[in-house]
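In the numbering used here, the protein residues as written are 57 to 114. Glycine included, every Cβ here is placed at the ideal spot set by N, Cα and C.
Structure below.
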């Protein structure tokens, strides 16, 4: 399994993560709101708590 991270300084392109699993390569674009008041840690904790409360572990 291979994982690479790439951030660009070009404002036209957003950062993305490229991950290869087997013969499939996943290219995931990352977008962060410039007006958000929520930190990355807050967001991750909120998502985890939501999954736990909804019992959606699939």
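In terms of residue numbering, what span does the alpha helix (DSSP H) encompassing residue 97 cover?
96–110
By how many angstroms is the C-alpha of residue 70 removed from the C-alpha of residue 110?
31 Å
Could you check what DSSP says for residue 64 in three-state terms: helix, strand or coil?
Reliability fails at residue 64, whose pLDDT of 46 lies under 50, so the model's placement of it is uncertain and the value that follows must be treated cautiously. If DSSP states are grouped into helix, strand and coil, residue 64 belongs with coil.
Residue 72 lies in the beta strand (DSSP E); which residues open and close that run?
72–77
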